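Student: Here it is: the structure, laid out below.
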Amino acid sequence: MTDDPLPRLRRICLALPHASERLSHGEPTWFYHDRTTFVTYAKSQPRRPAGLLVRGTAGSAGGARGVGAKRFFRPPYVGHRGWLGVYLDVPVHWSVVEGLVTDAYRVVSATR
0 MTDDPLPRLR
10 RICLALPHAS
20 ERLSHGEPTW
30 FYHDRTTFVT
40 YAKSQPRRPA
50 GLLVRGTAGS
60 AGGARGVGAK
70 RFFRPPYVGH
80 RGWLGVYLDV
90 PVHWSVVEGL
100 VTDAYRVVSA
110 TR
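Mapping of the sequence shown onto numbering that gives the first Met the number 0: position 44 corresponds to residue 43, and the numbering continues sequentially without gaps.
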């Protein structure tokens with residue numbers, strides 16, 4: 000992958016009302032009202048490809064994984080809570096990513 004996905008992901012996340020960004024666990028993370036995480040970016044590391052984690056429900060994560068097993072993964076620690084991992088080191092379908100980010104935002108904004 001030649002293009003850095005972070006600027007595009009940042010534009011998608013920050014276009015949502017009351018969204019903010021700050022580092023969490025050393026990675027860019029987006030919050031609703033500076034409190035509730037809805038997306039985390041994970042840059043590429045030697046044994047881990049670039050990806051993002053999006054908050055959701057178990058149903059939404061299962062549905063997205065069915066679309067393409069090589070594009071999605073169940074993230075450790077939070078996957079059992081419905082979070083979905085999206086690989087960014089493969090050709091990215093940005094319309095799908097935008098939909099997942101929007102869904103994650105809706106999940107957290109509905110609780111406030």
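Just so it is clear, CB atoms sit at the ideal spot from N, CA and C, and this is done for glycine as well.
None of these values were measured; they are calculated from a predicted model.
(1) State the DSSP-derived secondary structure class of Trp82, mapped to helix, strand or coil.
(2) List the endpoints of the continuous beta strand (DSSP E) containing Ala18.
(3) Give the straight-line distance between the Cα atoms of Val125 and Asp88, rounded to the nearest whole angstrom.
(4) Please report how far the alpha carbon of Leu5 lies from the alpha carbon of Ala49, in whole angstroms.
(5) Please state if the CB of Thr110 and the CB of Leu15 are separated by a distance shorter than 9 Å.
(6) Would you say Arg70 and His79 are within 9 Å of each other, going by their C-beta atoms?
(7) Tell me whether Gly55 is buried or exposed, calling it buried when 16 or more other Cβ atoms sit within 10 Å of its Cβ.
Tutor: Taking the coordinates as given:
(1) Locating residue 82 in the sequence shown gives position 83, where the first residue counts as 1. Residue state, collapsed to three classes: coil.
(2) Residue mapping note: residue 18 aligns to position 19 of the sequence shown, counting from 1. Its beta strand (DSSP E) spans residues Ala18 to Ser23.
(3) Past the edges of the chain, shown from 0 to 111, lies residue 125, and the structure says nothing about it.
(4) Looking up residue 5 in the sequence shown gives position 6. Looking up residue 49 in the sequence shown gives position 50. Taking the straight line from one Cα to the other gives about 10 Å.
(5) Along the sequence shown, read from residue 1 onward, the residue named residue 15 stands at position 16. Along the sequence shown, read from residue 1 onward, the residue named residue 110 stands at position 111. Going by beta carbons, Leu15 and Thr110 fall outside the 9 Å limit.
(6) Within the sequence shown, the letter at position 71 stands for residue 70. Within the sequence shown, the letter at position 80 stands for residue 79. No, Cβ-Cβ distance for Arg70 and His79 is not below 9 Å.
(7) By one-based count along the sequence shown, residue 55 stands at place 56. Note on Gly55: 16 or more other CB atoms within 10 angstroms of its CB, so buried under the neighbour-count rule.
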